[in-house]
Amino acid sequence: MKKIICIPDSFKGTLSSAQVCNIMEKSIHHHFPSCEVVKIEVADGGEGSVDAFLAAVGGEKINVTVNNPYFEPMESFFGVLEGNVAVIEMAAAAGLPLVSDRPNPMETTTYGVGELMLAAVNRGCKKIIVGLGGSSTNDGGCGAACAMGVRFYDNQGNAFVPTGKSLIDIFRIDLSSVNANFYDVEIITMCDIDNPMYGLNGAAHIFSPQKGADAEMVLTLDVGLRHLASVIKDQLGLDVSTISGGGAAGAMGAGMVAFFNSRLQMGIETILDLVDFDRLIEDADLIFTGEGKIDSQSLQGKVPIGVARRSKKANVDVIAVVGTIGQDIDAVYDMGITAIFSINPEPLPYEIAKLKSKENLALTMENIVRMLKIKPQQ
């Protein structure tokens with residue numbers, strides 16, 4: 056083995072992508088000391104995404120003061136990668152941990168996310184990657200749009216910054232004051248869910264209870280998002296109501312399309328493009344990937360499948376090392392996965408098994424790499 060790529064997702068709640076990479080590398084080098092191991096940390100758009108991107112391709116973390124979800128000043132950050140590409144994680148300005156013991160998606164705003172984007176533009180970045188995930192908001196991205204210069208007016212002609220409870224009050228949207236520099240910037244939004252903007256499977260019903268909404272709030276928020284979609288369609292000529300992923304992060308997905316002319320893209324595709332994965336694997340002997348659980352949902356484009364699809368085109372084998380192997384996974388082999396190994400050697404409840412994740416992953420990798428050393432019979 057001369058070159059192996061390690062590009063696993065995190066094992067949610069147990070191991071970060073970086074930890075998995077390091078354990079994989081240690082096992083590989085134990086048996087193939089001279090093998091080149093390329094580690095690519097995977098970010099899902101949520102908390103830790105900026106650090107993961109910086110680790111993967113290098114760059115600089117920029118600190119900046121913005122507004123938190125309650126319009127209070129706070130210190131935040133974004134990353135600037137080589138090539139003047141900015142990476143912003145929504146959670147850094149609108150994340151659920153930032154509201155602490157006062158979660159309320161009726162009141163919270165994405166304004167600070169827009170301020171991070173504006174800071175990146177003012178720094179000269181011509182491409183911005185925005186990761187959606189872990190938000191405390193349900194404002195359809197209106198707060199971020201306001202920071203960029205979009206103006207929202209009620210039926211009395213008063214300008215305001217909409218939050219979840221006041222989306223219903225939007226009467227007119229004015230784009231004339233948008234920062235002109237934004238029109239020269241390519242904006243990509245990392246979004247790994249397919250929920251629509253509103254409805255029973257939309258942002259309010261599925262995600263707002265996690266952000267502090269009670270049953271009455273959920274209905275109010277959903278009505279507000281329906282109204283916002285209607286105004287966007289009537290005044291901006293865009294139907295964002297049925298966009299796959301439009302409901303991500305309190306319908307920030309829909310807002311990114313409507314107000315920032317962004318395209319929504321699976322996180323793994325964004326990462327693979329950024330690290331020039333297709334070129335990187337041209338001379339690779341093998342690829343290791345993985346995630347906490349591989350199942351039928353993985354087929355929708357999670358990390359192992361995104362990696363496998365690209366690798367299959369290059370005819371490079373992919374081994375998936377996972378926590379749990381679910382049902383109905385036969386299709387993953389057609390998509391490019393060569394083999395799948397679970398790190399759990401015995402049936403144990405998750406709460407117990409997760410405590411042994413590091414040891415179990417190391418043991419599994421040890422056995423896989425030993426197997427790779429078997430010489431074919433003559």
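Heads up: the sequence shown begins at 56 in this note's numbering, then just goes up one per residue.
Heads up, the beta-carbon is just placed ideally off N, CA and C, and yes, glycines get one too.
query: Bounding residues of the beta strand (DSSP E) (the contiguous stretch that carries residue 61); result: 58 to 61
query: Whether residue 298 touches residue 251 by CB criterion (9 Å); result: yes
query: Residue 187 to residue 430 span [Cα, whole Å]; result: 46 Å
query: Segment limits, beta strand (DSSP E) that includes residue 134; result: 128 to 136
query: Buried versus exposed, by CB contacts within 10 Å (16 or more), residue 271; result: exposed
query: Environment of residue 381 [buried if 16+ CB atoms lie within 10 Å]; result: exposed
query: Residue range of the beta strand (DSSP E) that includes residue 91; result: 91 to 94
query: At least three beta-carbon pairs within less than 8 Å, the region 197 to 212 to the region 317 to 324; result: no
query: Coarse secondary structure for residue 396, derived from DSSP in three states; result: strand
query: Counterpart residues of residue 314 in DSSP-defined beta bridges; result: Per DSSP, none; premise fails for residue 314.
query: Reduced DSSP secondary structure (H/G/I, E/B, other) of residue 345; result: strand
query: Under 9 Å between C-beta atoms of residue 166 and residue 108; result: no
query: Short Cβ contact (9 Å threshold) for residue 141 with residue 129; result: no
query: C-beta contact flag for residue 395 and residue 349 at 9 Å; result: yes
query: Option nearest residue 391 by Cα separation, candidates 296, 358 and 422; result: 358
query: 8 Å contact criterion, which residue 343 and residue 61 should meet: CB distance rounded; result: 5 Å
query: Three-state class that DSSP yields for residue 77 in the structure shown; result: helix
query: Rounded separation between residue 379 and residue 405 - CA only; result: 10 Å
query: Extent of the continuous beta strand (DSSP E) run through residue 379; result: 373 to 380
query: One or two residues paired with residue 122 in a DSSP bridge; result: 128
query: Sub-9 Å separation of residue 159 and residue 258 beta-carbons; result: no
query: Short CB-CB distance (under 9 Å) between residue 198 and chain C; result: Among the protein chains of the structure shown there is no chain C, as only one such chain exists.
query: Contact under 9 Å by Cβ, residue 428 with residue 86; result: yes
query: Nearest-angstrom Cβ-Cβ length linking residue 105 and residue 137, presumed shorter than 8 Å; result: Residue 105 to residue 137, Cβ: 14 Å. No contact.
query: Proximity below 9 Å, CB of residue 283 to CB of residue 184; result: no
query: Residue 214 burial status per 10 Å Cβ neighbour count (16 or more: buried); result: exposed
query: Residue 67 and residue 190 closer than 9 Å at C-beta; result: no
query: Assigned secondary structure, residue 70 (DSSP; H/G/I helix, E/B strand, else coil); result: strand
query: Which of helix, strand or coil DSSP assigns to residue 203; result: helix
query: Supposed close pair residue 9, residue 246 - CB separation, criterion 8 Å; result: Any answer about residue 9 is impossible in this case: the structure gives the chain only from 56 up to 433.
query: For residue 253, the nearest candidate out of 239, 273 and 237 (CA to CA); result: 273
query: Reference residue 239; option with closest CA among 201, 402 and 176; result: 176
query: Rounded Cβ spacing between residue 110 and residue 326 (contact assumed at less than 8 Å); result: The pair is not a contact, with the Cβ atoms about 11 Å apart (cut-off 8 Å).
query: Whole-angstrom distance between residue 182 and residue 94, CA atom to CA atom; result: 24 Å
query: Alpha-carbon to alpha-carbon, residue 351 and residue 242; result: 30 Å
query: Neighbourhood of residue 419 by C-beta, 7 Å cutoff - its chain only, sequence neighbours within 5 removed; result: 376, 396 and 398
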